[in-house]
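A short worksheet on the structure shown next.
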Amino acid sequence: MAEALTQGCIAKVLGANPGAGVQVPRVYMAFSSDDLDYPTGYIVMEYIDAPDCDERDYELVAKAVQTLISVPGLSSAPGPVGGGRIIHTFFMEWTSAITRVNLVADTNAGLRLCPCDINPGNFKKCQDGAVVALDFRATCFLPPSFFAVTMVKARDSFSRKVARRFNYPKSDDVEAMVSASYYLVPFGRNDIGLHQRKRL
16 MAEALTQGCI
26 AKVLGANPGA
36 GVQVPRVYMA
46 FSSDDLDYPT
56 GYIVMEYIDA
66 PDCDERDYEL
76 VAKAVQTLIS
86 VPGLSSAPGP
96 VGGGRIIHTF
106 FMEWTSAITR
116 VNLVADTNAG
126 LRLCPCDINP
136 GNFKKCQDGA
146 VVALDFRATC
156 FLPPSFFAVT
166 MVKARDSFSR
176 KVARRFNYPK
186 SDDVEAMVSA
196 SYYLVPFGRN
206 DIGLHQRKRL
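The working numbering runs 15 ahead of the 1-based position in the sequence shown.
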């Protein structure tokens, strides 16, 4: 399960730097059901007793996101830890049509963690001021321009408030990427322009 592997990886990276102010629950075990019609994944993780953030905690969440997007990729392969489809707001239904994307522009700076589902329920606030980040389903390692796309495409007020309160990498590619993302909408699929052999 890519989500569990990604969460476990980030928990180790941030756990080695307690001064970061962001915690991620450690993953003890992950498994999925055998139901072919509706497979469900389960993650057994560390319990951290803290209340969820709410709509008023956008500054706190912005600081946490600033830390998360600074985490460098473990390899040059975009996507979740261990491989798999990229989950990102760029794609229809947030899921890429292929498991490997060959990117040319914007990869010289390396890959960075790209959390796409920024809502208050995915963060907890601790009494010591630390923030706990949860829900790594829509979190992959991608070129920094993809996070900028996430912020530009943010439609809810909480994400927009978060976006205005921290510095994220800007890119000349963002406008074209956002246009390309919206171009997929009328077709309702992600494989437009993809070679026939690579379509799923």
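Glycine included, each C-beta is placed from N, C-alpha and C at the ideal position.
Residue nearest to Glu-18 in terms of C-alpha spacing, selected from Val-146, Val-37, Ser-47 and Ala-163:
Residue 18 sits at position 3 when you count from the first residue of the sequence shown. Among Val-146, Val-37, Ser-47 and Ala-163, the Cα nearest to that of Glu-18 belongs to Ser-47.
For Ser-174, report the span of its alpha helix (DSSP H) as first-last.
Along the sequence shown, read from residue 1 onward, the residue named residue 174 stands at position 159. Looking at the DSSP string, the run of the alpha helix (DSSP H) that includes Ser-174 is 172-178.
Closest residue to Asp-72 among Gln-81, Phe-173, Pro-95 and Pro-93 (Cα-Cα distance)
Indexing the sequence shown from 1 puts residue 72 at position 57. If you compare the alpha carbons of Gln-81, Phe-173, Pro-95 and Pro-93 with that of Asp-72, the shortest gap goes to Phe-173.
Counting only the same chain and skipping the five closest in sequence on each side, list residues whose C-beta sits under 6 Å from that of Gly-23.
The residue you call residue 23 lines up with position 8 of the sequence shown. So the qualifying residues of the chain are Val-42.
Any idea if Lys-27 is buried or exposed, counting beta-carbon neighbours within 10 angstroms, 16 or more meaning buried?
As a position in the sequence shown, residue 27 is number 12, starting the count at 1. Flag for Lys-27 reads exposed.
Look up Val-96 in the DSSP assignment and say whether it is helix, strand or coil.
Taking the first residue of the sequence shown as position 1, residue 96 is located at position 81. Here Val-96 sits in coil by DSSP.
Is the stretch 46-65 close to the stretch 164-181, with three or more CB pairs under 8 Å?
Touching, no.
To test your reading of the DSSP string, which unbroken alpha helix (DSSP H) runs of 4 or more residues are found completely within the stretch 115-169?
159-167
For Val-37 and Leu-128, the rounded distance between their alpha carbons:
To locate residue 128, count along the sequence shown from 1; it is residue 113. To locate residue 37, count along the sequence shown from 1; it is residue 22. Answer to the nearest angstrom: the Cα atoms are 14 Å apart.
By the 10 Å Cβ neighbour count, where 16 or more other Cβ atoms means buried, how is Tyr-57 classified, buried or exposed?
Within the sequence shown, numbered from 1, the residue matching residue 57 stands at position 42. The residue is exposed, with fewer than 16 neighbouring Cβ atoms inside 10 Å.
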